[in-house]
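For reference, the structure discussed in these notes is given below.
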Amino acid sequence: LDVNQQVSVLNVAGSIYMMAGNYPMARTAFEQLLAKRGDDLAALNNLAFLMAEHVEPPDVPKALEYSQRAYDVMTKNNLVDANVLDTVGWIYVLSGGAKLDQGISYLDKSIAAGEIAEAQYHYGEALMRKNLPEYAKTSLTRANELIDAKTPVDEVLKKKVEQALLKANKMLGSGAEKQ
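When we follow my numbering, the leftmost residue of the sequence shown carries the number 600, and every step to the right adds one.
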């Protein structure tokens, strides 16, 4: 196989491993892909996500490095990718402190670029960290609508959104009666 074919195979393998929940193998495939094509937007974005969400313990600094590289590749190529903006935003949120507001800004841009359920969920979580549960609830409700409109339904994300909605309701002191 030539390099382009190898990159394609590694991209498909990494994606299949991610969908199957085999995150160590997905990470290996995407790292091998980056060794062949260091500016691959999808591989950088996927590795950022994996490092933030699917390694124990999470490696947020490494995730931030990959997401920033993905963002740089995206802007260099004059692209606007809602998934990349969501990932970089979420990782800034996970970084906490002063980076929380930066994360919210990237998540705003992601939602403007192409509304995806993940960005609405991450935005809702970020707003709860800012102690803004009423706004978080709006975003989380929208995430649920986007999830339900997609086939097949992403059950893992749906569960996360539902848990976040419960948390927002608890923060509001409203319980279930205000849903």
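We put the beta carbon where it would ideally sit given N, CA and C, even for glycine.
Just to confirm, is the Cβ distance from L684 to A712 under 7 angstroms? yes
Which ranges would you report for the alpha helix (DSSP H) in the segment 672–740 if only whole runs of at least 4 residues count? 681–694, 698–712, 716–728
Can you look up V752 in the DSSP assignment and give me helix, strand or coil? coil
Leaving out five residues before and five after A735 in sequence, what residues of the same chain have Cβ atoms less than 6 angstroms from its Cβ? G723, L726, M727, A767
By Cβ distance, which residues of its chain are closer than 7 angstroms to A662, with the 5 residues on each side in sequence left out? Shown here for A662: same chain residues with a beta carbon closer than 7 angstroms to its own, the five before and five after excluded, namely A647, M650, A651, I690 in chain order.
Three CB pairs or more closer than 8 angstroms across the segment 693–706 and the segment 674–682: no
Nearest-angstrom Cα separation, counted from E714 out to G774: Below a pLDDT of 50, predicted positions are generally treated as unreliable, and G774, at 48, falls in that range; no measurement from the model is reported.
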